[in-house]
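Reading through the structure tokens given below for one structure.
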Amino acid sequence: MRGLLPSIALGALMALLALAVVFWLGTDADASPAERAERLGAQLRCPDCQGLSIADSPTRSAQEIRRQVSELIADGASDEEIRAHFVARYGEWILLAPSSPAWWVLPFAVVLLAAAALVAWIVRRSGGATAASPPALSADERRRLHEEAEALDA
Amino acid sequence: MRHLRWLVVPLLVIPLGWLLFSGFGRDPREIASPLIDRPAPEWTLTTLDGETLSSSDLAGRPYVVNFWASWCGPCVDEHAVLSATHDAYGDEIAMVGVLYQDLPADAQAFLARYGQTGYRHVIDPDGRLAIDFGVTGPPETYFIDADGILRAKQFGPLTESSMDQKLASILPAVGALDR
């Protein structure tokens with residue numbers, strides 16, 4: 037059981053590294069207006085769809101939000117300002133991904149914590165079981181068992 | 099340690115179960131509006147009759163903005179509630195309907211079939227006003243007080259009781275007691 041701990045830790049580290057790479061890739065500043073509009077479109081929820089971004093939806097609301105995103109970019113608004121523009125109307129709900137990285141880390145932290153608690157519990161339980169192994173048989177009991185086994189054989 | 103195990107059920111399983119269960123019963127589009135207690139969006143749009151109507155024309159008294167569409171089933175259910183409210187309050191409360199992704203001709207046919215409302219309806223051609231209010235789908239209704247501050251939002255069709263409850267948030271306290 038203890039052998040699993042390093043691989044769990046390694047897995048968690050790789051997950052965090054992957055997240056870091058995603059954040060790093062997601063924040064390049066030299067994108068063209070069209071690339072920015074596309075990236076922002078993928079981050080904004082279509083208000084009258086089921087779990088689609090405005091980039092993936094043909095509804096009129098999605099079209100209008102896409103148009104407003106392009107307009108805001110042309111007006112020189114930053115990505116953060118554009119997200120804030122729609123959050124002011126719909127709340128954080130309009131963002132497909134939570135705005136704070138803490139919300140990404142939280143579920144991982146909970147799962148890791150629970151896994152650690154489970155491992156600790158299993159290790160403690162198996163350790164406890166060996167300590168409480170049945171007491172050795174007395175000479176009398178051993179002799180009686182031997183006799184009974186022979187009686188069964190006969 | 100062993101007796102602590104019994105605490106797992108009340109402390110973890112029951113709250114988690116309740117969280118999941120309540121989550122299933124919730125409409126994911128029913129979101130709390132960030133506009134509550136903030137100035138309502140301003141607009142100038144064309145009515146079904148071809149006149150220009152602006153939010154500033156309604157300012158100075160409480161008003162109700164109802165997003166609806168002729169293709170929307172629940173909008174039929176609340177239609178009578180909206181008409182009755184307009185009849186009961188008259189000029190005390192201004193009311194306006196906003197067409198949500200609908201054709202003016204279809205909206206006219208809806209009103210001809212289910213009854214004219216007595217208040218006006220504006221056309222929101224590209225859905226801009228719906229986005230400014232944070233509408234996710236009709237019917238949705240917003241309640242704005244005499245100072246132009248948005249005080250309440252109704253997600254889904256209005257009933258008599260929800261209408262009374264939301265109106266109380268925009269009516270002057272004395273007026274609410276009178277009724």
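These protein sequences, in sequence, are chains A and B. So for the first sequence, the numbering used here puts the first residue at 37; every next one is plus one. So for the second sequence, the numbering used here puts the first residue at 99; every next one is plus one. Positions of the beta carbon are idealized from the N, C-alpha and C atoms, including for glycine. Computed from a prediction, not measured in an experiment: that's the story for all the values here.
Assuming Val106 of chain B is part of the alpha helix (DSSP H), what are its boundary residues?
Element bounds for Val106 of chain B: Arg103 to Val106.
Identify every residue that forms a DSSP beta bridge with Phe165 of chain B.
For Phe165 of chain B, which the question treats as bridged, DSSP gives the partners B:Val196 and B:Glu238.
Start-to-end residues for the alpha helix (DSSP H) that takes in Ser120 of chain B:
Segment Ile112 to Phe122, the alpha helix (DSSP H) holding Ser120 of chain B.
Neighbour flag for Gln356 of chain B against chain A, beta carbons, 8 Å:
A question about residue 356 of chain B goes unanswered here, because the residues of chain B that appear run from 99 up to 277.
What is the DSSP secondary structure of Gln206 of chain B, counted as helix, strand or coil?
Shown here, Gln206 of chain B sits in a helix according to DSSP, grouped into three states.
In chain B, what lies closer than 9 Å to Ile140 of chain A by C-beta?
The residue you asked about is not Ile; residue 140 of chain A is Trp in the sequence shown. Ordered by position in chain B, no residue passes the 9 Å Cβ test against Trp140 of chain A, which lies about 19 Å from the chain.
Run down chain A in chain order and give the residues with a C-beta less than 8 Å from the C-beta of Pro132 of chain B.
Neighbours of Pro132 of chain B on chain A, chain order: Val123, Ala124, Arg125, Tyr126 and Gly127.
Secondary structure of Thr215 of chain B, DSSP reduced to three states:
Coil, per DSSP.
I need the boundaries of the alpha helix (DSSP H) containing Gln104 of chain A, first residue and last residue.
Note, Gln104 of chain A: alpha helix (DSSP H), Arg96 to Ala110.
What are the partner residues of Val220 of chain B, as DSSP defines its beta bridges?
B:Thr145 and B:Val196, per the DSSP bridge assignment.
Mind checking if Ser174 of chain A is an interface residue toward chain B, Cβ cutoff 8 Å exclusive?
No - not a single Cβ of chain B is within 8 Å of the one on Ser174 of chain A.
Spatial neighbours of Trp169 of chain B in its chain, beta-carbon cut-off 6 Å, leaving aside the 5 residues before and after:
Correct list: empty, nothing qualifies.
By the 8 Å beta-carbon criterion, what residues does the stretch 233–259 of chain B contribute toward chain A?
The residues in question are Val233, Thr234 and Gly235.
Would you mind reading off the limits of the beta strand (DSSP E) that contains Ser152 of chain B?
From DSSP, the beta strand (DSSP E) with Ser152 of chain B extends over Thr150 to Ser152.
Can you name, in chain order, every residue of its own chain whose Cβ lies under 8 Å from the Cβ of Glu116 of chain A, other than the five neighbours on each side?
Hits under 8 Å: none found.
Secondary structure of Pro83 of chain A, DSSP reduced to three states:
Coil.
Using a Cβ-Cβ cutoff of less than 6 Å, which residues in the same chain neighbour Arg277 of chain B once the five nearest sequence positions on both sides are dropped?
Confidence is the limiting factor: at Arg277 of chain B the pLDDT is only 46, short of 50, which leaves the residue's position unreliable, though a coordinate-based value still follows. For Arg277 of chain B, same chain residues with a beta-carbon under 6 Å away, outside a window of 5 residues either side, do not exist.
Run down chain B in chain order and give the residues with a C-beta less than 9 Å from the C-beta of Glu100 of chain A.
One finds Asp224, Gly225, Arg226, Ala228 and Ile229 in chain B with Cβ atoms closer than 9 Å to the Cβ of Glu100 of chain A, taken in chain order.
Below 8 Å on the Cβ atoms is my contact criterion, and I expect Val220 of chain B with Leu143 of chain B to pass it. Report the Cβ-Cβ distance as a whole number of Å.
4 Å between Cβ atoms; contact.
I'd like to know if Arg72 of chain A contacts chain B, where contact means its C-beta is closer than 8 Å to some C-beta of that chain.
With 8 Å as the cut-off, Arg72 of chain A does not count as an interface residue toward chain B.
Asp92 of chain A: contacting residues in chain B (beta-carbon distance under 9 Å):
Result: empty, since nearest Cβ-Cβ is about 17 Å, beyond 9 Å.
Residues of chain A with CB under 8 Å from Ile129 of chain B, in chain order?
Going along chain A in sequence order, the residues near Ile129 of chain B (Cβ under 8 Å) are Tyr126, Gly127 and Trp129.
What is the DSSP secondary structure of Arg161 of chain A, reduced to helix, strand or coil?
Note: Arg161 of chain A maps to helix in three-state DSSP.
Beta carbon proximity, Ser97 of chain A to chain B, threshold 8 Å
Cβ-Cβ to chain B under 8 Å: yes for Ser97 of chain A.
With 16 as the cutoff for other CB atoms within 10 Å, does Val194 of chain B come out buried or exposed?
Answer is buried; the Cβ neighbour count reaches 16.
Residues near Leu41 of chain A in its chain [Cβ-Cβ closer than 8 Å; skip 5 each side]
Sequence-distant Cβ neighbours of Leu41 of chain A in its own chain, meaning closer than 8 Å and more than five residues away, are Val155.
Keeping to the same chain, check which residues put their C-beta closer than 8 Å to that of Val123 of chain A; ignore five residues upstream and five downstream.
Within the same chain, Val123 of chain A has close Cβ partners Ile130, Leu131 and Ser135.
For Arg249 of chain B, does the three-state DSSP call read helix, strand or coil?
When secondary structure is reduced to three states using DSSP, Arg249 of chain B falls in the strand class.
Tell me, please, whether the CB atom of Pro69 of chain A is closer than 8 Å to any CB atom in chain B?
False, the Cβ-Cβ gap to chain B never drops below 8 Å.
Three-state secondary structure (DSSP) at Glu183 of chain A?
It is helical.
Under 8 Å Cβ to Cβ from Gly273 of chain B, same chain only, skipping five residues before and after it: list those, please.
Because the pLDDT at Gly273 of chain B is just 47, under 50, the model does not fix this residue reliably, and the value given afterwards should be weighed accordingly. Closer than 8 Å at Cβ, skipping near neighbours: Glu190.
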